[in-house]
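Each remark here refers to the structure printed beneath this line.
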Amino acid sequence: MRLKNIFKELSRYPSAIIGLVIIALLLALSVYAFVTIPYKQAVILWRGGEGIWYRNPKYAAPAWTNYFRREKLAESFHLSSLDGTAPKTVTPGETMDSTVITYTFDYQADGFPSDIAIFFTTVYTDKQPFVSISWLTPDGRNIPVFSGAIEKGEAIYFAQEIKLQRKLAGLSPEQGLFVADPEAGLTPPVKGIYQMVINGYTFTKGSSVDAEMVLYGKVSGIAGTDHLRRDIKVALLWGTPVALAFGLVAAVGTTATTMIIAAFGVWYGGWVDGIIQRITEVNLVLPFLPILIMVGTFYSRSIWVILGATILLSIFGAGIKTYRAVFLQVKESPYIEAARAYGAGSLRIVFSYLVPRIIPLIIPQLVTLIPAYVFLEASLAVLGLGDPTLPTWGKVIYDAQTNGALYKGLYYWVLEPAFLLMVAGLAFALLGFSLDRIFNPRLRGM
Amino acid sequence: MSEAAVPFDTKAEAEIKRKATANTISRILRYTVVRLFVLFITVTIAVYLTVLIANMGGYVDTIQRGQIQESVSMALATNPAFKMLSPEEKQSQMAAQIAIQEKRLGLDKPFAVRSFLYLKNALTLNLGRALQMASDSGSKQVKFIILERLPATLVLFGTADVFLFTLAVTVALSLSRKYGSFFDKLFITLAPTSAAPGWFYGIFLILIFAALLHWLPFGGMVSAPPPDSKLMYALSLLQHMILPVAALTLSTIFLSAFTWRTFFLIYSSEDYVDMAKAKGLTSRSIERGYILRPTLPTIITSFALLVIGAWTGAPIFETVFLWPGLGRALYTAVGLYDTPVIVGSTVIFAYLLVITVFLLDIAYALVDPRVKIGGGESRPQ
Numbered sequence: 001m002r003l004k005n006i007f008k009e010l011s012r013y014p015s016a017i018i019g020l021v022i023i024a025l026l027l028a029l030s031v032y033a034f035v036t037i038p039y040k041q042a043v044i045l046w047r048g049g050e051g052i053w054y055r056n057p058k059y060a061a062p063a064w065t066n067y068f069r070r071e072k073l074a075e076s077f078h079l080s081s082l083d084g085t086a087p088k089t090v091t092p093g094e095t096m097d098s099t100v101i102t103y104t105f106d107y108q109a110d111g112f113p114s115d116i117a118i119f120f121t122t123v124y125t126d127k128q129p130f131v132s133i134s135w136l137t138p139d140g141r142n143i144p145v146f147s148g149a150i151e152k153g154e155a156i157y158f159a160q161e162i163k164l165q166r167k168l169a170g171l172s173p174e175q176g177l178f179v180a181d182p183e184a185g186l187t188p189p190v191k192g193i194y195q196m197v198i199n200g201y202t203f204t205k206g207s208s209v210d211a212e213m214v215l216y217g218k219v220s221g222i223a224g225t226d227h228l229r230r231d232i233k234v235a236l237l238w239g240t241p242v243a244l245a246f247g248l249v250a251a252v253g254t255t256a257t258t259m260i261i262a263a264f265g266v267w268y269g270g271w272v273d274g275i276i277q278r279i280t281e282v283n284l285v286l287p288f289l290p291i292l293i294m295v296g297t298f299y300s301r302s303i304w305v306i307l308g309a310t311i312l313l314s315i316f317g318a319g320i321k322t323y324r325a326v327f328l329q330v331k332e333s334p335y336i337e338a339a340r341a342y343g344a345g346s347l348r349i350v351f352s353y354l355v356p357r358i359i360p361l362i363i364p365q366l367v368t369l370i371p372a373y374v375f376l377e378a379s380l381a382v383l384g385l386g387d388p389t390l391p392t393w394g395k396v397i398y399d400a401q402t403n404g405a406l407y408k409g410l411y412y413w414v415l416e417p418a419f420l421l422m423v424a425g426l427a428f429a430l431l432g433f434s435l436d437r438i439f440n441p442r443l444r445g446m
Numbered sequence: 447m448s449e450a451a452v453p454f455d456t457k458a459e460a461e462i463k464r465k466a467t468a469n470t471i472s473r474i475l476r477y478t479v480v481r482l483f484v485l486f487i488t489v490t491i492a493v494y495l496t497v498l499i500a501n502m503g504g505y506v507d508t509i510q511r512g513q514i515q516e517s518v519s520m521a522l523a524t525n526p527a528f529k530m531l532s533p534e535e536k537q538s539q540m541a542a543q544i545a546i547q548e549k550r551l552g553l554d555k556p557f558a559v560r561s562f563l564y565l566k567n568a569l570t571l572n573l574g575r576a577l578q579m580a581s582d583s584g585s586k587q588v589k590f591i592i593l594e595r596l597p598a599t600l601v602l603f604g605t606a607d608v609f610l611f612t613l614a615v616t617v618a619l620s621l622s623r624k625y626g627s628f629f630d631k632l633f634i635t636l637a638p639t640s641a642a643p644g645w646f647y648g649i650f651l652i653l654i655f656a657a658l659l660h661w662l663p664f665g666g667m668v669s670a671p672p673p674d675s676k677l678m679y680a681l682s683l684l685q686h687m688i689l690p691v692a693a694l695t696l697s698t699i700f701l702s703a704f705t706w707r708t709f710f711l712i713y714s715s716e717d718y719v720d721m722a723k724a725k726g727l728t729s730r731s732i733e734r735g736y737i738l739r740p741t742l743p744t745i746i747t748s749f750a751l752l753v754i755g756a757w758t759g760a761p762i763f764e765t766v767f768l769w770p771g772l773g774r775a776l777y778t779a780v781g782l783y784d785t786p787v788i789v790g791s792t793v794i795f796a797y798l799l800v801i802t803v804f805l806l807d808i809a810y811a812l813v814d815p816r817v818k819i820g821g822g823e824s825r826p827q
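Chains as they are written, first to last, in this note's numbering: chain Y, 1 to 446; chain H, 447 to 827.
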């Protein structure tokens with residue numbers, strides 16, 4: 001069948017079109033991942049800790065979930081005197097310079113933020129700068145938050161300020177600072193313009209105080225964040241090419257070798273067939289996943305090593321019996337006898353007459369095998385044996401599982417990678433099934 | 447086709463029948479023995495390969511050596527007599543102790559010998575002592591750790607497999623009876639969903655029925671603390687098994703029912719079925735004797751692969767459902783880097799697979815008259 005004809009045939013099956021469209025979209029997503037986040041950067045981002053991701057909240061749902069909520073959750077934002085988003089004025093004095101940094105923001109969320117943090121960047125020689133921080137609510141109250149000396153690179157997390165909590169009638173500061181009256185308990189946050197003012201005093205020449213304020217919301221980005229404040233988007237994007245490549249290479253590698261081995265076995269028969277059959281039997285009782293787990297634990301978790309081991313273990317897999325059964329039938333066909341009669345050699349018969357005969361059977365099988373390997377890669381990652389450097393879908397599920405995402409109600413964390421896995425798996429399965437019907441018309445009517 | 451046959455007198459007929467039965471039984475017995483022998487060789491090779499993979503490059507040896515060194519130095523450090531010795535004497539004492547221990551464990555022999563030593567140990571289930579894990583009874587023996595968890599795995603997968611087989615055959619038969627109907631088309635449409643493994647459906651089921659609806663538990667085998675009475679224990683076990691069995695079923699039923707239904711359809715388009723119809727047999731007896739019967743071997747082969755797939759997926763499946771079985775022991779061992787348990791579980795999985803293959807082989811022999819029972823020459827074809 002010509003390629004053009006195949007496409008023409010395929011277009012008659014809606015499921016095939018859906019499958020092809022999804023595969024095309026996944027390929028586009030892979031290209032997008034390559035272009036926007038180069039491989040090295042993706043690895044650095046995924047392995048980077050607080051240093052890279054300190055501006056993200058932990059366990060934040062995707063920002064778009066707010067569209068489906070009646071009570072909008074707070075989104076994260078950050079203001080800094082370093083990039084000018086928070087105005088800073090310095091007044092030189094005789095013994096000390098005073099710095100005033102003002103952070104103004106409009107708070108419109110219906111829920112409280114998860115925390116507020118201030119990251120200081122200070123320069124000084126011997127005497128530490130002194131700062132006092134005050135909080136101005138929309139209804140005109142002025143709440144002193146903190147006062148004290150600040151070291152280089154110090155960070156203040158409001159949720160951990162015990163003194164402030166006492167001042168707020170025992171309410172946790174990230175909530176107490178937003179309610180109308182802390183004494184009245186936890187009431188919905190007051191909406192409006194808030195201001196936080198940092199008054200800094202420096203005592204030596206050349207000293208300076210700069211600070212960045214981060215308000216950690218409860219929603220963040222397009223995909224949300226995990227327990228290490230990482231943006232899950234990185235793993236979702238990069239998981240796409242990894243999954244596609246692993247599935248495709250493993251499926252093609254296994255199917256092609258299996259097919260050729262089965263053909264040789266059937267053609268030569270006798271002890272060759274016997275040995276292949278015995279190897280297949282041994283291979284059948286080799287516990288596939290536990291052995292991959294051993295390889296992953298003892299040697300290398302690199303995705304290429306795992307891929308190689310997968311192919312090696314699958315060559316003598318169940319497929320060989322299926323192909324063998326078909327080859328046995330084909331071997332008896334008159335045209336093989338004809339080929340033998342005109343004096344065709346064994347190699348010629350195997351490669352020109354046997355193998356091509358079952359390619360129609362192979363192609364749909366190959367396509368339907370791809371999801372199995374995509375899920376295998378995810379399975380290994382979910383067992384904690386994913387490639388240590390690559391961010392993948394399975395690793396996101398692993399992190400979610402080990403952090404009890406389902407218990408905590410953090411469904412997005414599991415659903416996002418699971419959705420992508422399902423879509424990818426389904427796309428290839430749909431295409432494979434349609435191909436099966438085109439290439440094996442005997443079953444078409446059924 | 448008794449009508450067409452020449453009438454026998456009843457005595458001779460009974461005699462022939464009796465002989466045939468005796469013949470069949472003896473052939474099946476011979477077949478069983480041969481299969482057992484072949485499978486024993488198969489499992490030996492499989493276990494040897496497992497040992498080889500586990501110890502490739504002497505990795506297991508290194509871990510064992512490290513373990514010996516640590517235990518010896520710990521033992522000596524807590525020994526008061528040892529403290530009085532000079533540093534050189536301490537060194538030589540330690541080296542001597544380590545050498546004794548290594549000799550005891552056979553680490554001084556070449557790898558080829560050691561690998562067979564390990565093979566013998568693995569085959570006799572002498573799986574060594576765990577580094578970190580312990581059984582609930584407190585034993586450090588890998589054998590006990592595994593045996594303790596085996597029943598949980600067997601209960602779960604046994605139930606699921608029996609349930610799945612019955613359901614899939616029933617559904618496939620009813621689909622083949624009225625193919626082209628709405629349900630038939632539904633199953634064809636849903637068949638691609640079987641690309642996802644059981645644990646994947648498990649996550650969704652847990653999300654819906656445990657996290658959102660609170661109808662069923664998140665995981666585990668029985669509620670904590672375990673109920674005292676046997677009946678309550680069984681009920682609790684059943685309740686905990688609903689989600690895992692449902693997940694395994696969901697992940698395979700559509701494809702199996704679809705494939706098996708196609709097998710049924712292929713066999714029902716054979717000439718002898720038309721012949722049977724022409725003879726006026728009831729559709730029920732046609733279905734049982736002329737369609738189901740010849741299809742069963744194919745179905746059993748397909749089912750065997752399915753069961754084996756489920757077995758090998760056990761580590762991840764049990765991890766997702768927090769099922770305290772063999773697979774989860776393997777997962778825990780990976781986390782703790784407990785090599786003896788990892789190797790031991792893998793060996794046991796190999797055994798489980800062999801037993802499964804053996805049982806299905808027997809079933810195959812019973813239903814497939816074409817199996818040339820008891821060996822014999824292969825027909826020249």
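Note that CB positions come from ideal geometry on N, CA and C, so glycine has one too.
- One thing to note: tyrosine 783/H has its Cβ no nearer than 8 Å to the Cβ of threonine 765/H.
- Two segments are said to touch when three or more pairs of C-beta atoms, one from each, lie closer than 8 Å; by this definition the segment 242-257 of chain Y does not touch the segment 74-87 of chain Y.
- Within the segment 376-392 of chain Y, contact with chain H at the beta-carbon level (separation under 9 Å) is assigned to Leu376, Ala378, Ser379, Leu380, Val382, Leu383, Gly384 and Leu385.
- It is roughly 22 Å from the alpha-carbon of phenylalanine 68/Y to the alpha-carbon of leucine 236/Y.
- For threonine 698/H, none of the residues of chain Y pass the 9 Å Cβ criterion, the least Cβ distance being about 12 Å.
- By the criterion of a C-beta distance shorter than 7 Å, proline 173/Y is surrounded in its chain by Phe158, Ala159, Glu161, Leu164 and Gln165, once the five residues flanking it on both sides are discounted.
- The beta carbon of methionine 259/Y sits no closer than 8 Å to any beta carbon of chain H.
- Residues of chain Y whose Cβ lies closer than 8 Å to the Cβ of threonine 639/H are, in chain order, Leu426 and Ala429.
- For the segment 297-322 of chain Y, residues whose beta-carbon sits nearer than 8 Å to a beta-carbon of chain H comprise Thr297, Phe298, Tyr299, Ala318 and Lys321.
- By the neighbour-count definition (other C-beta atoms within 10 Å, threshold 16), asparagine 142/Y is an exposed residue.
- Among the residues facing chain H, methionine 422/Y is included, as its CB has a counterpart in that chain under 8 Å away.
- Under DSSP, the beta-bridge partners assigned to histidine 78/Y are Val214/Y.
- Exclusion of the five residues before and after alanine 576/H leaves Lys586, Val588, Ile591, Asp784, Pro786 and Val787 as the residues of its chain whose Cβ lies within less than 7 Å of its Cβ.
- Taking 8 Å as the threshold, the shortest C-beta distance from valine 282/Y to chain H falls below it.
- Checking the DSSP bridge columns, you'll see threonine 202/Y partnered with Asp97/Y.
- With a beta-carbon spacing of about 14 Å, tyrosine 411/Y and threonine 225/Y fall beyond the 8 Å limit used to define contacts.
- Linking serine 714/H to proline 743/H through their CA atoms gives a straight-line distance of about 15 Å.
- Interface criterion not met: the Cβ of phenylalanine 419/Y is under 8 Å from no Cβ in chain H.
- Isoleucine 712/H is positioned such that its CB atom lies no closer than 8 Å to that of alanine 722/H.
- By alpha-carbon distance to arginine 560/H, the top candidate from Gln537/H, Asp507/H, Ile546/H and Met579/H is Asp507/H.
- At a cut-off of 8 Å between beta-carbon atoms, phenylalanine 203/Y makes no contact with chain H.
- Setting aside the 5 residues that flank it on each side, valine 179/Y is surrounded in the same chain by Thr187, each with a C-beta closer than 6 Å to its C-beta; the list follows chain order.
- With the criterion set as a beta carbon lying under 7 Å from some beta carbon of chain Y, the members of the segment 791-804 of chain H are Ser791, Thr792, Phe795, Ala796, Leu799, Val800 and Val803, in sequence order.
- Listed as beta-bridge partners of leucine 136/Y by DSSP are Asn142/Y and Gln195/Y.
- For lysine 167/Y, the enclosing alpha helix (DSSP H) has its first and last residue at 162-167.
- By the criterion of a C-beta distance shorter than 7 Å, serine 682/H is surrounded in its chain by Val668, Ser669 and Pro673, once the five residues flanking it on both sides are discounted.
- Under the Cβ criterion of 8 Å, glycine 247/Y is not counted among the residues facing chain H.
- Distance from the CA of aspartate 554/H to the CA of glutamate 548/H, rounded to the nearest whole angstrom, comes to 6 Å.
- Note that the C-beta distance between glutamine 543/H and phenylalanine 528/H is not below 8 Å.
- Residues of the segment 354-373 of chain Y that bring their beta carbon within less than 8 Å of a beta carbon in chain H comprise Thr368, Pro371 and Ala372, in sequence order.
- Look at proline 14/Y: its C-beta is not under 8 Å from any C-beta on chain H.
- Only residues of its own chain outside the window of five on either side were considered, and among them Ile143, Val145, Leu177 and Met196 have a CB closer than 6 Å to the CB of tryptophan 135/Y, listed in chain order.
- The alpha helix (DSSP H) runs lying completely inside the segment 271-322 of chain Y and spanning 4 residues or more are 288-298 and 303-315, given in chain order.
- Rounded to whole angstroms, the Cβ separation of threonine 280/Y and lysine 321/Y is 7 Å, and the two are in contact under 8 Å.
- Setting aside the 5 residues that flank it on each side, tyrosine 494/H is surrounded in the same chain by Leu565, each with a C-beta closer than 6 Å to its C-beta; the list follows chain order.
- For tyrosine 407/Y, the chain H residues whose Cβ falls inside 8 Å of its Cβ are Ala657 and Phe664, in order along the chain.
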